[in-house]
Amino acid sequence: MDDPNRRPIAARRLAPMQGLARLLTEWGATPNGISQVSMVFAALGFGTFWAAPMAGVWGQGALLLLAALMIQGRLVCNLVDGLVAVEGGRATPQGAFWNEAPDRVADTLLLWGAGLAAGHPALGLGCAVLAVATAYLREFGRAEGFAPDFGGPMAKQHRMAALTLGAVVAAFWTAQAAVVLTVALTVIALGTLVTAGLRARRVLGHLAGR
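Adding 6 to a residue's 1-based position in the sequence shown gives its number in the working numbering.
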């Protein structure tokens, strides 16, 4: 049975992810270190998003594809760190911090970077603020003794899927790259706002039912 305190991720059961986690465990990697690497991927994603509009048509497409790969690299780290910690038996007392803090940094860097690429940095930062709000509401509920609320419609994995799709489409439609990324960020903002509202309503319902 899955631990209700862990984000439900179907990819966690995939053989390649299990194999990668075992390999990293054998190499001596720590879950905290893997979580820290996720911020490196996010920083590289920020850089590629930022540079894309200045790189010419072909360079822009290549950098946006690279940004999409950096998003996925961040997500693989987010998945594998838990596997190494739990299934690999390498959890540490500091794990709770490194499980959460890098995610806030990564969300901010990637969404802000996409906003810069779209020509709307405030939109990207707004998405990042909403992403932090959804995480805050989840952790507030957990602190109050309730099961963590990983519900969407725009939880972390959904935000990153939408951003990845936007980056890939923009990479192949560079003439409208800014428009594509603006649409992707707008969808993320609206979906994350709904997610925050739903999580707030559920936690208020739990509190009222005490």
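Built from N, CA and C at the ideal position, the CB exists for glycine as well. Every value quoted in this text rests on a predicted model; they were computed, and no experiment measured them.
- Across the set Ala102, His212, Pro59, the C-alpha of Pro59 shows the shortest separation from the C-alpha of Ala124.
- Straight-line measurement puts the Cα of Ala190 at about 11 Å from the Cα of Gly197.
- With 16 or more other Cβ atoms from the protein chains shown falling within 10 Å of its own Cβ, Ala168 counts as buried.
- As the crow flies, the alpha-carbon of Leu71 is around 11 Å from that of Trp64.
- The alpha carbon of Arg144 has as its nearest neighbour, out of Lys162, Ala128, Gly130, the alpha carbon of Lys162.
- Contact annotation, Leu199 with Leu136: C-beta distance approximately 6 Å; criterion of less than 8 Å satisfied.
- Counting the other CB atoms within 10 Å of its CB gives Val185 a total below 16, which places it among the exposed residues.
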